[in-house]
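The next block holds one structure in the form of structure tokens; read it before the comments.
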Amino acid sequence: MTPTYKNVHNRFKLNNYHYNYEDLMEVAYSFTKEGEPYQVELGLFLLDWLDREDYVEVQTSGSTGKPKKIKIKKQSMVNSAIVTGDFFNLTPGKKVLNCLPSNFIAGKMMIVRAIILGLELDMVKPSANPRIDLVKDYDFCAFTPLQLKNFAKYLKSLKTAIVGGGRVSNAIKEMIQDKKTQIYETFGMTETISHIAVRKLNNFTGDESEKYFQTLPGVTVSKDKRGCLVIEAPHLTDEKLVTNDIVELYSNTQFDWLGRFDNVINSGGIKLYPEQIEQKLQGKIKGEFFVTSQPDDELGEKLVLLVEAEENSLDKAVFESLNKFEIPKRIYYIPKFAQTLSGKIHRQKTLELLN
1 MTPTYKNVHN RFKLNNYHYN YEDLMEVAYS FTKEGEPYQV ELGLFLLDWL
51 DREDYVEVQT SGSTGKPKKI KIKKQSMVNS AIVTGDFFNL TPGKKVLNCL
101 PSNFIAGKMM IVRAIILGLE LDMVKPSANP RIDLVKDYDF CAFTPLQLKN
151 FAKYLKSLKT AIVGGGRVSN AIKEMIQDKK TQIYETFGMT ETISHIAVRK
201 LNNFTGDESE KYFQTLPGVT VSKDKRGCLV IEAPHLTDEK LVTNDIVELY
251 SNTQFDWLGR FDNVINSGGI KLYPEQIEQK LQGKIKGEFF VTSQPDDELG
301 EKLVLLVEAE ENSLDKAVFE SLNKFEIPKR IYYIPKFAQT LSGKIHRQKT
351 LELLN
């Protein structure tokens with residue numbers, strides 16, 4: 001029988017203590033009144049999860065548009081937790097670590113997985129370099145790319161990790177190749193209730209399919225006329241989810257991500273994918289940067305590079321890995337990029353700083 005959102009598993013623990021439904025309500029109130037800011041966020045989510053409504057309101061990150069709140073069915077979150085649990089073998093009593101904020105979907109789902117699957121969850125203050133008990137071994141954790149980079153040398157205490165919320169750089173990938181921890185990059189968004197697909201980042205077996213994102217059980221994918229990903233996940237939503245993510249399909253369960261439709265640059269009839277160019281520049285440019293476009297009388301759109309750095313500090317040799325169409329027509333130096341609420345680069349607001 002599939003559990004409902006009203007269930008609290010009898011093996012669930014939070015910071016070493018078991019709580020039933022009533023106990024969890026009490027500790028949630030306690031967190032909101034007396035906790036640190038990250039514990040207040042945890043308490044507020046728990047109160048939302050335990051109330052009588054069959055949905056929770058979740059904030060989107062704003063990385064691809066204006067941040068907004070959307071309603072997500074609690075039972076869909078339960079179903080997502082079960083699918084992830086099945087895929088990663090998260091059985092009752094396993095120890096999981098959450099160092100993500102509880103006000104966004106990734107952090108919320110770590111909590112829901114623990115409550116529904118009967119996991120022993122340790123919560124730590126979210127930060128770029130979270131303070132973690134390195135003596136304790138964990139079965140599962142979710143990181144942002146920056147957290148994974150900072151935690152890489154301690155991975156021996158962790159069996160499985162997922163990383164999401166941003167592109168994983170080549171430098172980070174190189175750091176984890178000799179680690180026994182099974183590490184997966186995730187694909188998903190708030191609307192898909194966390195990840196709907198994963199791909200391995202290390203410990204490869206040599207199978208060609210490991211290069212691509214593999215959907216979780218029950219999820220199939222297709223493309224629309226724009227070449228954008230369409231997701232079918234009946235356990236999450238009755239409707240097909242049409243995204244703005246341009247993909248290459250290899251089957252109805254495997255795909256590769258090329259970039260965002262709203263970011264594609266048509267420069268003199270040549271389609272350029274900023275995310276693909278950025279991937280080539282990873283590790284060659286120190287600090288934050290991104291590729292975008294500006295109007296151009298001859299080309300229609302011209303490719304430009306924005307770098308969070310001092311004026312004229314970039315060596316043009318970094319462009320050697322790019323083809324002639326991918327080399328930026330202009331470089332802008334900005335002291336500090338604008339960010340979304342979740343800490344990602346806000347491309348549009350950063351671009352507006354040039355005006």
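So in UniProt numbering the end of the sequence shown lands on 355, straight run, no missing numbers. No residue lacks a Cβ here, since even glycine has one placed at the ideal position from N, Cα and C.
Assignment of beta strand (DSSP E) within the stretch 223-248, counting only whole runs of 3 or more residues, yields 228-232 in chain order. Remark: C-beta atoms of residue 151 and residue 170 do not approach each other more closely than 9 Å. When C-beta atoms of the stretch 132-145 are compared with those of the stretch 224-243, fewer than three pairs fall below 8 Å, so the two segments do not count as touching. In the structure shown, residue 266 falls within a strand segment according to DSSP collapsed to helix, strand and coil. Restricted to the stretch 66-128, the beta strand (DSSP E) segments that are unbroken, complete and at least 3 residues in length are 69-73, 95-98, 120-123, listed in chain order. Cβ-Cβ distances below 7 Å link residue 20 to 8 in the same chain, with the five nearest sequence neighbours on each side left out; the list follows chain order. Within the DSSP secondary-structure output, residue 195 pairs in a beta bridge with 188.
Secondary structure note for residue 32: it is in no beta strand (DSSP E), and the uninterrupted alpha helix (DSSP H) holding it is 21-34.
The alpha carbon of residue 198 has as its nearest neighbour, out of 187, 79, 109, 267, the alpha carbon of 187. The residues 42, 43, in chain order, have a CB closer than 8 Å to that of residue 35 in the same chain once the five nearest residues on each side in sequence are set aside. For the pair residue 45 and residue 103, the CB atoms are nearer than the 9 Å cut-off.
Assignment of beta-bridge partners to residue 302 by DSSP yields 294. Distances from the CA of residue 148 to each of 122, 121, 76, 184 were compared; the closest alpha carbon is that of 184. Straight-line spacing of the CA atoms in residue 182 and residue 107 works out to 20 Å.
Counting every other CB atom within 10 Å of its CB across the protein chains shown gives residue 300 a total below 16, marking it as exposed. With a contact defined as Cβ atoms closer than 8 Å, residue 240 and residue 231 qualify at about 7 Å.
With 16 or more other Cβ atoms inside 10 Å of its own Cβ, residue 120 counts as buried. By the neighbour-count criterion, in which a residue is buried when 16 or more other Cβ atoms sit within 10 angstroms of its Cβ, residue 317 is exposed. Its chain contains 80, 105, 106, 109, 188 as the residues whose beta carbon lies nearer than 7 Å to that of residue 194, once the 5 sequence neighbours on both sides are disregarded; these appear in chain order. According to DSSP, residue pairing for residue 259 in a beta bridge involves 246. Note on residue 89: under 16 other CB atoms within 10 angstroms of its CB, so exposed under the neighbour-count rule.
Within the stretch 133-175, the complete alpha helix (DSSP H) segments of 4 residues or longer fall at 145-151, 170-175, listed in chain order. Rounded to the nearest whole angstrom, the C-alpha separation of residue 10 and residue 56 is 23 Å. Going by beta carbons, residue 268 and residue 298 fall inside the 9 Å limit.
For residue 258, the closest C-alpha among the options 280, 6, 94 is that of 280.
Of all alpha-carbon atoms in 3, 75, 141, 302, the one lying nearest the alpha-carbon of residue 157 is that of 141. Rounded to the nearest angstrom, the Cβ distance from residue 124 to residue 3 is 26 Å, too far for a contact under 8 Å. Within the same chain, 83, 84, 87, 195, 196, 197, 198 come within 8 Å of residue 216 by CB-CB distance, once the 5 residues on both sides are set aside. The beta carbons of residue 274 and residue 263 sit closer together than 9 Å.
Ranking 76, 242, 286 by CA distance to the CA of residue 260 puts 242 first. Nearest neighbour of residue 15 by Cα position, chosen from 122, 96, 95, 26, turns out to be 122. Counted as a single uninterrupted DSSP element, the stretch harbouring residue 45 is not any beta strand (DSSP E) but the alpha helix (DSSP H) occupying residues 37-50.
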